[in-house]
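A short write-up of the structure that comes next.
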Amino acid sequence: FVWHAYGQALSAGGGYTAYPDPHARHSLSHNVILVNGSGQEWNPKAPKRPFCGRLLAYREGAGFVHWAGDATYAYQTVPGLLRWHRHVVFVDGTWFAVYDDLAMAPDADPARFSWLFHVAPDVPLDVDAAGPALRYRMGDVHALVALAGPADAIEVADLQLRDGFRNPITGHDMYEETAAALVRKGRTLPESSWMRHNVWITNREPARQWSFLTALVAWREGDTQPRVSFGGSARVTVGAGAGERTVSFDPRRPGDVTIDLEGVREHASRAR
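All residue numbers for the sequence shown refer to the numbering used here, where the first residue is 1 and numbers rise by one.
Shown next as structure tokens:
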């Protein structure tokens, strides 16, 4: 995803080079999920399914829009991935709840899942590993990226500038191959084209099922900062007083907006 608010591109992907370049087109440089450090690859030799995402659900209601996408088939070179569904709820035209529903097949090894987030400009980024949360500012716009955690179960790392070409799980470094590809095209890879912040949020212990619940909240300088609180790993509340709204991905604990994860999973299974 690319996150825009109040005239600022608060999070983008692909770096500053052209999209066909190796690093710019790789999952490593986008706001996606990696599984054991591996991203999306197109392997035309032995495709089991079309290498594409699909829309699983879409719903509009009072003050919200919800959609769910299935990117599982884009990871066919990752052994044993059963599910990556990304749910996005846009609330009151101001903030987002993003829920990543991840699972490995019952007979697959547990995995480490990485939630990637990129901030392109050279702005200070406050990483609160205990939150966990990211805070920064672009111009007169403040940004807060808050995750449900639990904080002690995940690692948070901000790989900056040159270090952003490195995959800390696989150890692969894309800098040399990207630079060489650009040289062949008569171009270079100067520091001004590097992403400033490349954030990795990864479960410490491998798991067969995992989820990331994230709130993306932005506000202008001079406005009151919205309050963000989580009720476990599947429920988030943003705002204050009468403007407070709760999004729940657990039907047993409904919110102002409640998402039926199991219903979407069943639909995805039937529609394969």
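All C-beta atoms, glycine included, are put in the ideal place defined by N, C-alpha and C.
Residue environment, residue i, which counts as buried when at least 16 other CB atoms sit within 10 Å
i    : result
G14  : buried
V119 : buried
P22  : buried
H30  : buried
G263 : exposed
A240 : exposed
A153 : exposed
H26  : buried
V32  : buried
G131 : buried
A24  : buried
Proximity below 8 Å, CB of residue i to CB of residue j
i    : j    : result
Q225 : H142 : yes
Y16  : S193 : yes
L34  : S114 : yes
L116 : V127 : no
A181 : A151 : no
V91  : L144 : no
N43  : Q76  : yes
V228 : A146 : yes
S211 : Y99  : yes
R187 : E155 : no
A215 : W95  : yes
E221 : D140 : yes
G80  : A108 : yes
Neighbourhood of residue i by C-beta distance below 7 Å, restricted to the same chain and skipping five residues each side
i    : result
D250 : A234, R235
L261 : D101, F249
S200 : According to the sequence displayed, residue 200 carries Trp and not Ser. Excluding positions up to five away in sequence, the list reads S114, L116, A157, L159, P168.
L125 : V119, L134, Y136, D158, H197
L56  : A68, G69, D70, H85, V264, H267, A268
W273 : As displayed, the chain neither begins before 1 nor continues past 272, which places residue 273 out of reach and without an answer.
Limits of the unbroken beta strand (DSSP E) element including residue i
i    : result
T237 : 235-238
S11  : 8-11
R59  : 54-61
R86  : 81-91
H30  : Premise fails: H30 is in no beta strand (DSSP E) and is neither H nor E.
H142 : 141-147
Q209 : 209-220
L116 : 113-119
Cβ shell of residue i (< 6 Å), same chain only, five flanking positions each side left out
i    : result
R49  : Y73
D256 : R245, T246
A148 : L213, F230, S233
P110 : P206, A207, R208
Limits of the unbroken alpha helix (DSSP H) element including residue i
i    : result
L261 : 261-270
V183 : 175-184
P137 : This sequence places Arg at residue 137; Pro is not what is there. First-last for R137: 133-138, but that is the beta strand (DSSP E), not the alpha helix (DSSP H).
H23  : 22-25
Close-in-space but distant-in-sequence residues of the same chain around residue i (CB under 8 Å, 5 per side omitted)
i    : result
D122 : R196
L161 : E191, W194, M195, R196
C52  : Y73, A74
Residue i: CB within 7 Å of a non-hydrogen atom of the ligand ZN
i  : result
G7 : Among the components of this structure there are no ligands whatsoever, and the ligand ZN is therefore not found.
* Should the stretch 70-90 be regarded as contacting the stretch 163-180, the criterion being three or more beta carbon pairs within less than 8 Å? -> no
* Meets three-Cβ-pair contact criterion under 8 Å: the stretch 174-188 and the stretch 90-109 -> no
* To do: State whether the stretch 263-271 contacts the stretch 56-75, with contact taken as three or more CB pairs (one from each stretch) at a distance under 8 Å.
  => yes
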